[in-house]
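**Q** Numbering (mature numbering (1 follows the signal peptide of the UniProt record, and there is no 0)), first residue to last: -27 to -1, 1 to 385.
Built from N, CA and C at the ideal position, the CB exists for glycine as well.
Predicted, not measured: the structure shown is a model, and the values here were computed from it.
For reference, the structure I am asking about is given below.
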Amino acid sequence: MKQTTTRWHKQLATAVILLFGVTLSHAQSTCAPGDASRAALLPLALQYKLLAHKFTGDDAELDAPPDVSRDVVMLRKTLDVATQAFFRCEAGDDSNPASLQQKLSAFLHTDQSKRNNNGNAVDGIYGANLQIQIIPAKAFPNSLFVVLNFGIECGDDNLLFLYTQEDGQWRQRLHWYSDKYTKPSDAFGDIFFYDAVPGPTEVQPLVAVVHGHPWCTSGYSDFDLDLLQPATATSSQLHLDHAADGYIRTFDTRFSRTANGLELRVHVASRDSDLIFQPGILRYSTNTGKFILLPVALNARDFVNQWLEEPWSTVAGWSATPGQNLQNTHNRFDYSLHKDGDDIPGVTFGAVRSCTSAPNHFQIEIDLTDSKSNSIPPLYAQIRQNPGSFTMLAVTPKADPTCTGINLMPKH
């Protein structure tokens, strides 16, 4: 049985390579009879095989069997090839997103993968409920974003494409999807957002893609953020930058484009032992061709929490005088510098007070405990509130005598 399965995968891989070669060779010519229909049958065959997979127990399949791993990876590749064949051979002059979405759904036989989304079902999950979404890519002339989504264990997986219509032909300018599958978190799912964002030059926008990591148990996960430069007639697609951060999966996540980049509204982990997690704003600029996390927060206390959470390489730029003393204070709370984390103080944020030294100066009390929950001397973060951002001025061992205003953020 193992030899038969391996031989089937080799035959399928050969078919994909041959068909992909045909797709490229005919990219600027007429379509050979049967090319497109054959391309659409390859992912369909894989979906049938994946949907027939039987789980060995009642528990979640956290580690995918080798044949499932290979089939999911191959399914992505064949869906890519089939989508290229559709736009080359079937889309024609049609540029209406709704019409193309309907046609591509029929071309990829999405009706064949429909399954009941019963939360108690354990079989018929991998490759299920293939869905297509096509929307205008407004920042790119005559272009469309195409997203393919299908089921995996404990979540979903997504593929993103950008197609541009030029000289009567549709051409793929961007493709982005995971290249492995050994467990649910390898998929590009849970959350999946994308949009054009500003780049170093106005004439060539970039594409930012955010995806989470599906999982079967934990409500906490990481998201990945990738910055891509679409291909042109004379250049290949480029992966310019990558960033990652944590988020709480049980809350809604929002994504929006900003004048200089993008913004994510997510729930993030809190250093405050009274909270555990809190709403957060993660705003990135992209107009340098890199992700730069900006010192933005909902309030002064949240800014201090984020300053403690992010690496020094990031928050040094959020600080008015990023000298050695301030870095030493930050290092005291940096888990990457403490092997066991036992010597990192526990944090509870206290009073937030305005200061008479300047109208935009605020002080945030940071109450601390040691590894045995004994109180130790607190610290006081001195911050400046700017229009739309914050700056860390200092972290002091004693309260600033000018900061005697009422507690602006009492806990209830």
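Buried or exposed: where does residue 1 fall if 16 or more other Cβ atoms within 10 Å of its Cβ makes it buried?
**A** For residue 1, the predicted structure reports a pLDDT of 44, less than 50, and the residue's modelled location is therefore unreliable. A value from the coordinates is still provided. Flag for residue 1 reads exposed.
**Q** Contact between the region 155 to 167 and the region 130 to 142: three or more CB pairs below 8 Å?
**A** With a cut-off of 8 Å, the region 130 to 142 and the region 155 to 167 count as touching, because enough Cβ pairs lie within range.
**Q** For residue 371, does the count of other Cβ atoms within 10 angstroms reach 16, so buried, or fall short, so exposed?
**A** Residue 371 comes out exposed.
**Q** With a threshold of 8 Å, are at least 3 pairs of Cβ atoms found where one atom belongs to the region 286 to 297 and the other to the region 243 to 263?
**A** They do not touch, by the three-pair rule.
**Q** Considering only residues of the same chain and omitting the five flanking positions on each side of residue 266, which have a CB-CB separation below 6 Å?
**A** So the list reads 257, 287, once near-sequence residues are dropped.
**Q** DSSP state of residue 53, grouped into three classes?
**A** Reduced to three states, the DSSP call for residue 53 is helix.
**Q** Cβ of residue 155 within 8 Å of Cβ of residue 36?
**A** Cβ distance < 8 Å, so residue 155 and residue 36 count as in contact.
**Q** For residue 14, which residues of its own chain have a beta-carbon under 6 Å away from its beta-carbon, when the five flanking residues on both sides are left out?
**A** Closer than 6 Å at the Cβ level, and outside the excluded window around residue 14, lies no residue.
**Q** Do residue 9 and residue 59 come within 8 Å of each other at the CB atom, strictly closer than that value?
**A** A contact, by the Cβ cut-off of 8 Å.
**Q** Straight-line CA distance for residue 113 to residue 145?
**A** Distance between the alpha carbons of residue 113 and residue 145 is about 13 Å.
**Q** Residue 182: buried (16+ other C-beta within 10 angstroms of its C-beta) or exposed?
**A** With 16 or more other Cβ atoms within 10 Å, it is buried.
**Q** Scan the region 178 to 216 and note each continuous beta strand (DSSP E) run of 3 residues or more that stays entirely inside, going in chain order.
**A** Segments of the beta strand (DSSP E) lying fully in the region 178 to 216: 179 to 185, 193 to 202.
**Q** Taking residue 333 as part of the beta strand (DSSP E), name the residues at either end of that continuous run.
**A** Careful: residue 333 lies outside any beta strand (DSSP E) and carries neither H nor E.
**Q** Restricting to Cα atoms, I'd like to know which of 23, 272, 238 is closest to residue 387.
**A** Missing from the structure shown is residue 387; the chain here goes from -27 to 385 and no further.
**Q** Report the three-state DSSP secondary structure of residue 269 (helix, strand or coil).
**A** Correct three-state label for residue 269: coil.
**Q** How about residue 165: is its Cβ closer than 7 Å to a heavy atom in the ligand NAP?
**A** This structure lacks the ligand NAP; in fact it carries no ligand of any kind.
**Q** For residue 18, report the span of its beta strand (DSSP E) as first-last.
**A** Per DSSP, residue 18 belongs to no beta strand (DSSP E); it is in the alpha helix (DSSP H), 8 to 24.
**Q** Output needed for residue 313: all residues of its chain with C-beta closer than 8 Å, excluding positions within five of it in sequence on either side, in chain order.
**A** So no residue of the chain qualifies.
**Q** Look at residue 135 and residue 147 and say whether their C-beta atoms are less than 8 Å apart.
**A** In this structure, residue 147 lies closer than 8 Å to residue 135 by Cβ.
**Q** What is the DSSP secondary structure of residue 110, counted as helix, strand or coil?
**A** The answer is coil: DSSP assigns residue 110 none of H, G, I, E or B.
**Q** So is residue 176 buried or exposed if we call it buried at 16+ other beta carbons inside 10 Å?
**A** By the 10 Å Cβ count, residue 176 comes out exposed.
**Q** Helix, strand or coil for residue 218 per DSSP?
**A** Correct three-state label for residue 218: strand.
**Q** What residue does the alpha helix (DSSP H) around residue 288 start on, and which one ends it?
**A** It spans 285 to 288 - the alpha helix (DSSP H) in which residue 288 sits, taken as one unbroken run.
**Q** Residue 245: buried (16+ other C-beta within 10 angstroms of its C-beta) or exposed?
**A** Label assigned to residue 245: buried.
**Q** Going by beta carbon distance, what residues of the same chain come within less than 6 Å of residue 279, once the five residues before and after it are set aside?
**A** Same-chain partners within the cutoff: 270.
**Q** Along the chain, where does the beta strand (DSSP E) that runs through residue 327 open and close?
**A** First-last of the beta strand (DSSP E) with residue 327: 319 to 327.
**Q** Should residue 384 go down as buried or exposed, given a rule of 16 or more other Cβ atoms within 10 Å for buried?
**A** With fewer than 16 Cβ atoms within 10 Å of its Cβ, residue 384 is classed as exposed.
**Q** Is the number of C-beta pairs between the region 320 to 328 and the region 340 to 356 that are closer than 8 Å three or more?
**A** Yes: the two stretches touch, three or more of their Cβ pairs being nearer than 8 Å.
**Q** Alpha helix (DSSP H) containing residue 70: first to last residue?
**A** Taken as a continuous stretch (DSSP letters only), the alpha helix (DSSP H) holding residue 70 covers 70 to 80.
**Q** Check this for me: beta carbons of residue 98 and residue 81, under 8 Å apart or not?
**A** Going by C-beta atoms, residue 98 is not nearer than 8 Å to residue 81.
**Q** Between which residues of its own chain and residue 362 is the CB-CB distance below 7 Å, once the five residues before and five after are set aside?
**A** Hits under 7 Å: 267, 268, 269.
**Q** Three-state secondary structure (DSSP) at residue 309?
**A** Looking at residue 309 - three-state DSSP - the assignment turns out to be helix.
**Q** Grouping DSSP H, G and I as helix and E and B as strand, with all else coil, what is residue 397?
**A** With the chain running from -27 to 385 in the structure shown, residue 397 is simply not present.
**Q** In this structure, how does DSSP classify residue 231 when only helix, strand and coil are distinguished?
**A** If DSSP states are grouped into helix, strand and coil, residue 231 belongs with coil.
**Q** With a Cβ-Cβ cutoff of 8 Å, do residue 379 and residue 356 count as a contact?
**A** No, the pair does not count as a contact, with Cβ atoms beyond the cut-off.
**Q** Where does residue 275 sit, in a helix, a strand or coil, going by DSSP?
**A** Here residue 275 sits in helix by DSSP.
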